[in-house]
Every structure is written in structure tokens, then in C-alpha cells.
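To keep things clear, I will list the structure first and then write my remarks on it.
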Amino acid sequence: MANSILKGKRGVIFGALDENSIAWKVAERAHEEGAEFVLTNARIALRKKDIFTLAEKTNSQVIAADVTEISELEDLFTEAVQILGGKIDFVLHSVGMSTNVRKGVAYEDLNYDYLEKTLDVSAISLHKVISVAKKLDALSDWGSIVTLSYIAAQRTFSSYSDMAHAKAVLESIVRQFGYHLGVDKKIRINSVSQSPTRTTAGAGVSGFNAFFNYADAMSPLGNADADSCADVCI
Ligand SMILES: NC(=O)c1ccc[n+]([C@@H]2O[C@H](COP(=O)([O-])OP(=O)(O)OC[C@H]3O[C@@H](n4cnc5c(N)ncnc54)[C@H](O)[C@@H]3O)[C@@H](O)[C@H]2O)c1
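Below, the structure written as C-alpha cells:
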């Protein structure tokens, strides 16, 4: 149920690829709650075109940006502030990708070039996003930044491979930058550790069904679906 809790808030939402994406559900809920935001994703993801349906539905604009490229993030935040008419109150970082996982590379034989890419896209990118936005003075005081994590940051899930390392680094950035942004600008940074969810990124993990069923059986209330995750993010 919507209560306009984000009325008047401006945001940037990273990671809506298609209607299964966690970012897609968050964008729908943020719209219901009265927020205005810009949607962003990598150019290659925009070619899938689904994001423009979401943009129409949520009355938002789409800006292409590779989350690992500083100059593209600078352009993104500069344009977002212009389009939305003021500083950004919230950022959703819902981005992840591992070529090692996608190509089924065995953990013992990790491709280290792929590993660097995994860490850059899935973890260091959060640092880049925050650092760029802060340097541009694009973030409102008392704002909020949310990113998506997974329990493999703390526990062993063999098929999650190098994404486990990325999530551990991601959560560390949340804590470290959380200190600096909290002290400087009263901005909170939180990571939401989501259950296995059938999305493009999620289903790319080998043995996803076993993964999904195990987590479902282990959790007193079962797996949280993407809509429940969106509620928590909101
Ligand atoms: N699905 C799950 O089971 C699950 C569980 C816990 C956490 N998560 C996390 O949730 C987040 C969102 O994933 P999802 O499950 O919605 O899958 P998804 O595939 O829908 O979203 C991942 C997004 O990352 C984007 N992306 C990849 N490389 C990028 C780049 N270089 N620049 C900009 N964007 C880029 C993709 O285009 C895509 O939109 C990820 O951080 C993922 O690790 C997912």
C-alpha cells in the first residue's frame, strides 16, 4: 500500500534490466510512493529495451552509464540533478556481474581478468558511484543509499564463486563509506542481503534451483521474493 513516503524525493536507480530485476520492482514501488528518479544501466542492457517500458510506467528518464566508468558516472549525476531539478536524495545500486560465474569457470581455476571485472562491476562500482556523486556535490544531506548483497559475503556457497568475494568487498565499502557519508552529510548506506531470486543475474549461478530450494527450506518464512525485497529497500 502506498503512503507517499518518498514524495518530493529524487533518486537514481541502477540495475533495472527487465521486469524480474530487483531494481525494476524497487523503481515501481518508489514511483508508487511518489519519488521521482532517473533510471540507468549499461548501454548493452539498454539494447534489450525493456527499461524504456519501466521508464514510461514510472514517468522517468533513462541515462546510459557503465557503472565502472568515472566519466560516465559524472555525466549521469550531472544530468540527473538537472533533469530532477535538485540534489539526489536516494541511490539504489542494484548491479552485479561475474563472467567467471556466467561461463561456469571452476573456482579453483578462476580467470583473474574476469575476477577483476567482477570486483569492479559488482563492488568497487559502489565506491565509484558515491565518490563521484559526492565530489559533484550531487547528494542531499540526510539522503539514503541502498545496495544489494548476498549471504555468501559471510558463508560458503560453492557455486557463487567470485561473486562471494565481490559481496564481501561491497559490504566493506558500505561500512567504510557509511562512516564518511554519515559524518559529513548524515547520509545512510545500507546493504540488503536478498534471498535467491529468479533474475538474469540470479539464475546465472549454476545449480540455481538447488540453491533456491535450500534457502527456501532453511528460512522460517521461506525465501523473500523481489517484491518483498523492494519493500525493504523503500
Ligand atoms: N537474484 C538473486 O538471487 C540475488 C540475491 C542476492 C543479491 N542479488 C543482487 O541483486 C542485485 C541485482 O541483481 P538482480 O538479481 O536484480 O539481477 P539483474 O540481472 O536483473 O540485475 C543486474 C544488473 O546489473 C547491471 N549491470 C551489469 N554490469 C553493469 C555495468 N558495467 N554497468 C551498469 N550496470 C551493469 C545489469 O545490466 C543488470 O541490470 C545484484 O547486486 C545481485 O548480486 C541478487
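Final position of the sequence shown in the working numbering is 229; the numbers increase by one with none missing.
Every residue, glycine too, gets a C-beta built ideally from N, C-alpha and C.
Legend entry - N- and C-terminal bounds of the beta strand (DSSP E) containing ASN16: What you label residue 16 is simply residue 21 of the sequence shown in a count that begins at 1. For the sequence presented, residue 16 should be read as Ser rather than Asn. First-last for SER16: undefined, no H or E at that position.
Legend entry - Limits of the unbroken beta strand (DSSP E) element including ARG183: Walking along the sequence shown from the start, residue 183 turns up at place 188. Looking at the DSSP string, the run of the beta strand (DSSP E) that includes ARG183 is 183 to 188.
Legend entry - beta strand (DSSP E) segment containing ASN249, residue limits: Examination of residue 249 is not possible in this model, given that the chain is present from -4 through 229 alone.
Inset, instruction - Decide if ARG170 is buried, meaning its Cβ has at least 16 other Cβ atoms within 10 Å, or exposed. - result: Here residue 170 corresponds to residue number 175 of the sequence shown, with the count starting at 1. Answer is exposed; the Cβ neighbour count stays below 16.
Inset, instruction - Measure from the alpha carbon of VAL141 to the alpha carbon of each residue in ILE229, SER156, PHE47, GLY3, then state which is nearest. - result: In the sequence shown, counting from the first residue as 1, residue 141 sits at position 146. Out of ILE229, SER156, PHE47, GLY3, ILE229 has the C-alpha closest to the C-alpha of VAL141.
Inset, instruction - Rank PRO215, SER144, THR94, VAL57 by C-alpha distance to the C-alpha of HIS88 and give the top, closest one. - result: To locate residue 88, count along the sequence shown from 1; it is residue 93. Per the Cα distances, SER144.
Inset, instruction - Output the residue ranges of the alpha helix (DSSP H) runs that lie fully inside the stretch 161 to 226 and measure 4 residues or longer, sorted by chain position. - result: 195 to 198, 203 to 213
Inset, instruction - Report the three-state DSSP secondary structure of ALA133 (helix, strand or coil). - result: Residue numbering aside, residue 133 sits at position 138 when the sequence shown is read from its first letter. Coil, per DSSP.
Legend entry - Simplified DSSP state of ARG150, which is helix, strand or coil: As a first step, residue 150 must be located in the sequence shown, where it is residue number 155. ARG150 falls in the coil class under three-state DSSP.
Inset, instruction - Pick helix, strand or coil for ARG24, following the three-state DSSP scheme. - result: Within the sequence shown, the letter at position 29 stands for residue 24. Here ARG24 sits in helix by DSSP.
Inset, instruction - For GLY29, I'd like the list of residues in its chain whose CB is within less than 6 Å of its CB, leaving aside the five on either flank, ordered along the chain. - result: Stepping through the sequence shown from its first residue, residue 29 is reached at position 34. If we look at GLY29 and ignore the five residues flanking it on each side, its Cβ neighbours are SER(-1), LEU1, LYS2.
Legend entry - Run of the alpha helix (DSSP H) containing ILE83, from where it starts to where it stops: In the sequence shown, residue 83 corresponds to position 88, counting from 1. Segment 83 to 88 is the beta strand (DSSP E) holding ILE83; no alpha helix (DSSP H) there.
Legend entry - Option in ALA212, ASP45, GLY6, ILE39 with minimal Cα separation from PHE32: Numbered from its first residue, the sequence shown carries residue 32 at position 37. PHE32 has its Cα closest to that of GLY6, out of ALA212, ASP45, GLY6, ILE39.
Inset, instruction - Look up ILE8 in the DSSP assignment and give the residues it is bridged to. - result: As a working mapping, residue 8 is identified with position 13 in the sequence shown. Beta-bridge pairing links ILE8 to LEU34, LEU87.
Inset, instruction - Keeping to the same chain, check which residues put their C-beta closer than 6 Å to that of ILE125; ignore five residues upstream and five downstream. - result: For the purposes of this step, residue 125 is taken as residue 130 along the sequence shown, with counting starting at 1. Contacts found: PHE172.
Inset, instruction - Pick out whichever of ALA147, GLY138, VAL164 has its Cα sitting closest to the Cα of LYS261. - result: Past the edges of the chain, shown from -4 to 229, lies residue 261, and the structure says nothing about it.
Inset, instruction - Name the residue from GLY99, THR94, ALA18, ILE8 whose alpha carbon lies nearest to the alpha carbon of ASP220. - result: Translated into positions along the sequence shown, residue 220 becomes position 225. Here the closest residue by C-alpha is ALA18.
Legend entry - Range of the contiguous beta strand (DSSP E) that encloses ILE58: As a position in the sequence shown, residue 58 is number 63, starting the count at 1. Its beta strand (DSSP E) spans residues 56 to 59.
Inset, instruction - Just the C-alpha distance for ASN218 and PHE152, rounded to the nearest angstrom, thanks. - result: Within the sequence shown, the letter at position 223 stands for residue 218. Within the sequence shown, the letter at position 157 stands for residue 152. Whole-angstrom Cα-Cα distance: 16 Å.
Legend entry - Distance, VAL62 Cα to SER156 Cα: In the sequence shown, counting from the first residue as 1, residue 156 sits at position 161. In the sequence shown, counting from the first residue as 1, residue 62 sits at position 67. Answer to the nearest angstrom: the Cα atoms are 22 Å apart.
Legend entry - DSSP three-state assignment for THR53, whether helix, strand or coil: Indexing the sequence shown from 1 puts residue 53 at position 58. Note: THR53 maps to helix in three-state DSSP.
Inset, instruction - Using only alpha-carbon positions, find the residue among HIS160, PHE85, ILE83, ILE78 that is nearest to TYR237. - result: The first residue shown for the chain is -4 and the last is 229, placing residue 237 beyond what the model contains.
Legend entry - Selection from ILE65, VAL76, SER66 that minimises the alpha carbon distance to LEU34: Walking along the sequence shown from the start, residue 34 turns up at place 39. If we check each option's Cα against that of LEU34, VAL76 comes out closest.
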